[in-house]
Every structure is written in C-alpha cells, then in structure tokens.
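Chemist:
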Amino acid sequence: MLKDMMPHFDLYQPDTVDAAVTLVKQLGGDGWVVAGGQDSFDWLKNRVKRTPAVVDISGIAELRGVTDNNGGVTIGALTTLAEIEAHPLIRERFGLLATAAGRVASPQIRNVGTLGGNLLQDTRCWYYRGGMDCYRAGGNMCYADTPQGQNREHAVFGASRCVAVTPSDTANALVALEASFVLRGASGERIVPAADFFVGPAVDIRRMNALREGELLVAVNIPATWAGAEFYFEKVADRAAWDFALVSIAMALRTEGGTIRDARVVCGAVACTPLRLTAVEQALSGGARDAATADRVAPLASRGAQPLGFNGFKIPLMENLVRRAVRGGQA
Amino acid sequence: MAESIDAQAEARRLSRREFIKRVIASGAVASSASFVMGGMAGCAPRTRAALAGAAERLISIDVNGELRRVDVLPQETLAMTLRYKLGLTGTKLSCDRAECGACTVMIDGVTHYSCSTLTHMVRNRKVVTIEGLRGADGALHPVQQAFVDELAPQCGFCTPGQVVAAVALLQRNPNPTREEARQAMAGNLCRCGAYDSYLNAIMRATGNTGEIHHG
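These protein sequence lines map, in sequence, to chains A and B. For the first sequence, the positions run 522 to 852 when this note's numbering is used. For the second sequence, the positions run 39 to 253 when this note's numbering is used.
#1: Quick check on A:Trp763 - is its C-beta less than 8 Å from some C-beta in chain B?
#2: Look up A:Ile770 in the DSSP assignment and say whether it is helix, strand or coil.
#3: Could you tell me whether the Cβ atoms of A:Ala758 and A:Phe752 are closer together than 8 Å?
#4: Please identify the residue among B:Ala206, B:Ile250, B:Ala190 whose C-alpha is closest to the C-alpha of B:Tyr233.
#5: So B:Val148 contacts chain A; which residues on that side make the cut at Cβ distance below 8 Å?
#6: Opposite B:Tyr122 in the DSSP bridges: which residues?
#7: Using a C-beta cutoff of 8 Å, does A:Gly706 count as contacting chain C?
#8: Starting from the beta carbon of A:Asp589, find every residue of chain B whose beta carbon is closer than 7 Å, and list them in chain order.
#9: Is it right to say A:Gly558 is buried, meaning 16 or more other beta carbons lie within 10 angstroms of its own, or is it exposed?
#10: Would you say B:Gln113 touches the ligand NAP, meaning its beta carbon is less than 7 Å from a heavy atom?
#11: Looking at C-alpha atoms only, which residue of B:Tyr236, B:Asn162, B:Gly231 is the closest neighbour of B:Ser98?
#12: Quick check on the DSSP output: the alpha helix (DSSP H) that includes B:Met144 runs from which residue to which?
#13: My output table needs one value for A:Ala658: the three-state DSSP class, helix, strand or coil.
#14: A:Gly849 by DSSP, collapsed to three states: which one?
#15: Let me know the secondary structure DSSP gives B:His179 once reduced to three states.
#16: Assuming A:Leu548 is part of the beta strand (DSSP E), what are its boundary residues?
#17: My output table needs one value for A:Trp763: the three-state DSSP class, helix, strand or coil.
#18: Is the shortest distance between the beta-carbon of B:Glu32 and the beta-carbons of chain A less than 8 Å?
#19: Output yes if chain A places a C-beta closer than 8 Å to the C-beta of B:His158; else output no.
#20: Which residue wins for smallest C-alpha separation from B:His179, given the options B:Thr244, B:Gly91, B:His252?
#21: What does the alpha-carbon distance come out to for the pair A:Pro528 and B:His252?
#22: Let me make sure I understand the geometry here. Which of A:Thr776, A:Cys663, A:Gly652 has the alpha-carbon closest to that of A:Arg855?
#23: Let's see if you can read the secondary structure: which residues bound the alpha helix (DSSP H) around B:Pro198?
#24: Cα separation between B:Gly80 and A:Phe834?
#25: Should B:Ala68 go down as buried or exposed, given a rule of 16 or more other Cβ atoms within 10 Å for buried?
#26: In chain order, what residues of the same chain lie with their CB nearer than 6 Å to the CB of A:Leu821, ignoring the 5 residues before and after it?
#27: Could you give the residue range of the beta strand (DSSP E) that holds A:Phe754?
#28: Where do the N-terminal and C-terminal ends of the beta strand (DSSP E) with A:Arg782 fall, by residue?
#29: Using CA coordinates, which residue listed in A:Gly808, A:Lys756, A:Arg797 is at the minimum distance from A:Gly778?
#30: Using alpha carbons as the reference points, say which of B:Thr157, B:Asn213, B:Cys153, B:Lys164 lies closest to B:Val181.
#31: Have a look at B:Val110 and A:Met526 and give me their C-alpha separation to the nearest angstrom.
#32: Could you name the residues of the segment 736-770 of chain A whose beta carbon sits closer than 7 Å to any beta carbon of chain B, in the order they occur along the chain?
#33: Using a cut-off of 9 Å between C-beta atoms, extract the partners of A:His608 located in chain B.
#34: Could you check whether A:Met772 and A:Ala697 sit closer than 8 Å to each other, using their CB atoms as the reference points?
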C-alpha cells in the first residue's frame with residue numbers, strides 16, 4: 522500500500538450550504554464533495570479515483586444537529602454517527618437508527634463519519650475498489666460474478682451485470698423508518714423517500730443513489746410514523762468491529778394487544794440497495810410476535826434469491842435473522 | 039568536516055528518537071521532507087482560477103495547547119503534518135487507510151484517525167497527540183504509567199494510538215467496565231495481539247483491579 526501524500530487537489534472549504542452548492546456548480550464534474558472523508562480518502566490514496574478539486578463541507582455548521590420535527594426528527598447530513606448513537610431524542614424515538622449507527626465501523630470512524638457519508642458511501646466490492654475495469658467502473662465485465670470470482674460478500678438479489686451490495690448500516694434503518702432525504706442543488710431543493718433514493722445497477726450502474734451531479738444531501742427527515750415502536754437491528758459480520766455486514770436486518774414493528782398491526786423489515790448487504798422484505802411484512806401483519814410466527818414468515822425472506830458461487834450462506838442467514846427479529850433476539 | 043564529526047558525536051550521545059526529532063525541528067531535513075511531501079508525481083502545486091472558499095496554505099493549528107504555524111498542502115493529512123512538519127513522531131503511520139488506529143489523536147476531545155483527516159479540517163480545533171499527554175513535570179500520564187506497570191505493549195508500534203484511545207475513553211467515562219473499554223478500543227489494532235494486556239492496563243489506570251485478568 523502506498524503511504525505517501527494523496528495526489529494534489531485544490532481544496533475548498535465553504536462555510537454555508539449556499540456557498541457549497543455554488544462551488545460544486547462552478548467546478549462542474551471536477552468537485553469531489555468530502556464530509557468525514559472516511560470513504561473518499563481511500564479512493565484518492567489508492568489512485569483508483571482522482572479529482573482535481575475537493576469541496577470539504579465538514580465546516581458547515583448548519584448541516585449539523587438533530588431537531589424535533591412534529592414528533593419525528595430532522596437530522597443534518599453532517600451529524601456524526603457517534604452523535605446519532607448518543608442523541609437522546611433519537612434513542613427515545615428511533616432506537617433502531619441509534620443502534621445501527623453504533624454498529625458502523627470503529628469508534629474513530631463514528632466520531633468523524635457523518636450520516637450523509639454513511640448513506641452515500643460507495644460499494645465495497647473489492648474488484649471495483651481495487652480499480653478493476655468492471656461494469657460499475659465503466660468497463661465491460663463483472664469480476665465477482667465469474668466461476669472463480671470471490672463473491673462471498675456479494676448480492677443474492679437484484680443483480681444486473683453488477684453484483685455489489687449496499688455497505689451502509691444506517692440506510693436499512695432509515696428505509697424501515699420511512700425516512701426521506703432532502704437534496705439541495707443550484708436549482709433548489711427536492712425531497713426523495715429513502716426507499717426510492719437508493720438505486721440498483723438496473724437503474725444506474727455507475728451510481729448507488731438518486732443524487733444528481735451538483736446536488737448535496739443536506740438532511741434526513743424521519744416522520745413520527747414509527748416513533749417509539751418496537752425495533753430490532755442486527756448486523757452479522759466476520760468481525761465484531763470495523764467490518765461491513767454479511768447480512769443485516771432492521772425491523773420496526775407496531776403491536777396491539779399482542780397482535781402485530783404493522784411491520785417494516787429491511788435487509789442489508791443482500792442487494793445493491795436496502796432490500797424491503799414486503800412478503801415478510803405482509804405475513805407478519807395480524808400474527809403474534811412469537812416463535813410460531815417467526816418460523817412461518819422466515820422462509821419468505823429469501824424468496825426469489827439467486828446466490829452466486831460463494832454466497833449461498835446468505836439465504837439461511839437472512840431467514841434466521843428474520844426469525845431472530847420476530848422473536849426479539851432469541852436464537 | 040569538523041562540523042560533521044561533531045554532529046556524529048552528538049548523535050551518538052543522543053537517543054535515536056531524540057536525534058531524529060532534533061533533525062526535523064532544525065529543518066536540516068528540509069530537502070528530504072520536500073521529497074516526501076511535495077516531490078511525488080502529481081503532488082506539485084498547480085494554480086487554478088481562485089474560487090471563493092479556497093483554502094489558504096499557511097495556517098495555524100492548535101496542537102497540544104500550542105498554536106503552531108505551518109505550511110500545509112491542500113491534500114495533506116494530519117498524520118503527515120504532525121510527523122514530518124511538526125516533529126511529533128509519537129503518532130505512528132501504519133495502514134494509512136483508517137483501519138488500524140496507530141495514528142489515533144484526539145481532536146476536540148474525541149479520537150480520530152489522523153491519517154484520514156485533512157490538516158485543513160482541524161483549523162480552530164484542538165489536537166492532542168501522545169506527546170501532549172505527559173504532565174507539566176514530564177511525568178507519564180497515569181494511563182501511560184498503567185501501560186508500563188501492566189507490561190501492556192509488546193512491540194509498541196500501536197501503543198501511542200492505544201494510549202490516546204484509552205485516555206479519550208477515560209475522559210468521557212472515568213470508570214468503564216472491561217467490556218466498555220473493549221468496545222471503546224475496537225478501533226485500534228495490535229498485531230502482537232496484546233489486547234488483554236491493554237485492557238488490564240486500562241483497568242489498572244481506573245483502579246478497577248478486580249477486572250484485571252492475568253492469563
């Protein structure tokens with residue numbers, strides 16, 4: 522590994538969102554936006570991606586913090602994962618997100634890594650990150666989806682030339698909580714539901730989300746819908762710290778008199794986007810939150826899965842995570 | 039000639055670490071430093087039509103309570119600045135990819151990987167490195183002393199980062215359980231595998247001797 526300086530880039534440090542949006546527009550495609558930098562600097566250090574200019578938005582105070590929003594919350598995109606994990610309002614209303622944020626990477630990364638950066642980070646497929654000329658990088662092949670391809674961590678759903686998976690832990694929690702993302706560009710602001718924000722390779726193989734060039738993710742709104750509901754989050758990874766999920770699950774549940782009234786169940790690291798398990802959600806509705814229901818709905822989790830050479834284990838893993846989520850953690 | 043013999047004699051009298059520090063501090067290493075910092079392909083500063091918000095190169099940063107004036111490249115990481123421009127070589131560079139924790143420093147009281155922080159990002163913030171932990175009289179920080187007492191480090195390369203992470207933990211939570219300490223130290227790797235010794239040292243530093251476990 523190279524341990525020298527990154528190649529030169531011009532550095533801009535705007536103080537306001539307006540200034541940042543103007544800068545990004547002026548720089549055209551040349552401005553790489555950095556917040557915590559924990560994804561960006563690896564690309565630049567490894568020379569796999571290069572940029573003539575970096576726009577460091579980490580000093581924009583108006584993008585930090587958590588505020589009450591009619592029983593929900595609005596979270597500035599630069600709020601760090603450590604702040605989210607510890608924030609009383611988020612812990613009280615949306616413990617699912619606090620737990621997910623606390624399972625990201627390592628303490629040092631959570632101290633600097635932002636919610637926006639965790640949502641917008643690029644995939645961890647090592648062929649792609651290693652600089653191979655794969656489909657996602659503009660080439661004409663997928664190195665992971667070959668008989669010898671090392672695809673233990675890759676997708677079992679939604680492959681379309683590319684088999685990379687979403688690396689974000691918080692994205693799954695936010696899709697479960699029906700959050701929406703506030704995007705600001707030179708021509709104004711638009712709001713996109715979390716479920717529509719993440720896109721798979723069939724929609725756009727070069728990007729993992731609906732952010733357009735020149736736009737910044739400025740805030741995340743979580744509505745009151747699931748505030749104080751029953752939650753379950755679990756991330757299975759090879760290492761307990763500083764690792765990406767093999768499979769993760771985020772569940773929000775409302776029960777009434779022992780009966781499940783409504784549920785949102787989202788799996789991470791099985792597709793390019795957070796994967797809503799709608800069949801499981803529907804089957805949960807009206808059932809009791811017990812072992813019998815867990816066993817009944819678990820097989821629905823993996824319906825339609827298409828494993829690659831080395832990731833068939835993700836299918837029973839998904840099913841078991843659904844089982845554990847419904848039971849509330851017991852094996 | 040006489041001068042160089044003097045220098046050699048002095049070098050023999052000094053520890054290797056002190057000698058290297060003095061060389062960096064004296065600026066005698068400027069030519070090789072500029073090789074590292076500015077001589078790499080693609081690192082040469084270019085000019086570009088200035089847009090509003092462009093970073094100044096000459097900045098002041100607060101390191102260990104001192105305001106240090108330093109010329110910083112736009113793409114320079116804090117680990118590079120600390121080690122090669124300010125002579126603070128206690129901060130180690132190992133993976134240079136925010137994975138191992140050897141470069142851990144405190145910024146405004148919380149731990150950061152200095153290899154993955156731009157120096158320009160820490161203007162107006164307080165940086166504390168391993169060098170900043172000792173007392174005014176030069177005494178070891180209680181956490182450092184506990185690390186010594188527990189023979190915690192083996193090869194020692196990850197130790198400055200481990201000490202900084204432990205001090206940051208104890209500032210936030212003066213009496214952590216062993217498990218809480220384990221979680222807080224999860225961002226610092228040790229290739230010698232001395233994790234249990236480090237946890238013993240943290241338990242010693244907090245006076246929680248009941249949670250010290252010797253193999």
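Note that CB positions come from ideal geometry on N, CA and C, so glycine has one too.
Modeler: According to the structure data:
#1: At least one chain B Cβ lies under 8 Å of A:Trp763.
#2: For A:Ile770, the secondary structure class from DSSP, reduced to helix, strand or coil, is strand.
#3: No; because the gap between Cβ atoms is not below 8 Å, this pair is not in contact.
#4: Comparing Cα positions, the closest option is B:Ala190.
#5: What B:Val148 touches in chain A: Ala603, Asn632.
#6: None, per the DSSP bridge assignment.
#7: Going by chain labels, chain C is absent from the structure shown, which instead holds the protein chains A and B.
#8: Correct list: empty, because the minimum Cβ distance to chain B is about 25 Å.
#9: The residue in question, A:Gly558, is buried, as its Cβ has 16 or more Cβ neighbours within 10 Å.
#10: No copy of the ligand NAP appears in this structure; indeed no ligand is present at all.
#11: The option with the nearest alpha carbon to B:Ser98 is B:Asn162.
#12: Careful: B:Met144 lies outside any alpha helix (DSSP H), inside the beta strand (DSSP E) at 142-145.
#13: Looking at A:Ala658 - three-state DSSP - the assignment turns out to be helix.
#14: In this structure, A:Gly849 counts as coil in the three-state DSSP scheme.
#15: In the structure shown, B:His179 sits in coil (DSSP, three-state: anything other than H, G, I, E or B).
#16: Annotation: A:Leu548 is outside any beta strand (DSSP E); the continuous alpha helix (DSSP H) that includes it extends over 538-548.
#17: Coil, per DSSP.
#18: In the structure displayed, chain B extends from 39 to 253; residue 32 of chain B sits before or after that span and is not available.
#19: So, interface residue.
#20: Comparing Cα-Cα distances from B:His179 to each of B:Thr244, B:Gly91, B:His252, the minimum goes to B:Thr244.
#21: Straight-line measurement puts the Cα of B:His252 at about 47 Å from the Cα of A:Pro528.
#22: As displayed, chain A neither begins before 522 nor continues past 852, which places residue 855 of chain A out of reach and without an answer.
#23: Looking at the DSSP string, the run of the alpha helix (DSSP H) that includes B:Pro198 is 197-210.
#24: Note that B:Gly80 scores a pLDDT of 40, beneath 50, so its modelled location is shaky and nothing firm can be said.
#25: For B:Ala68, the predicted model reports a pLDDT of 41, less than 50, meaning its position is unreliable; a value from the coordinates is still stated below. With fewer than 16 other Cβ atoms from the protein chains shown falling within 10 Å of its own Cβ, B:Ala68 counts as exposed.
#26: Same-chain partners within the cutoff: Ala800, Val801, Ala804.
#27: Note, A:Phe754: beta strand (DSSP E), 751-757.
#28: Residues 780-789.
#29: A:Gly778 has its Cα closest to that of A:Gly808, out of A:Gly808, A:Lys756, A:Arg797.
#30: Comparing Cα-Cα distances from B:Val181 to each of B:Thr157, B:Asn213, B:Cys153, B:Lys164, the minimum goes to B:Asn213.
#31: A direct Cα-Cα distance of roughly 12 Å separates B:Val110 from A:Met526.
#32: Answer set for the segment 736-770 of chain A: Ala762, Trp763.
#33: Residues of chain B passing the Cβ test: none, with the nearest at roughly 15 Å.
#34: In this structure, A:Ala697 places its C-beta atom within 8 Å of the C-beta atom of A:Met772.
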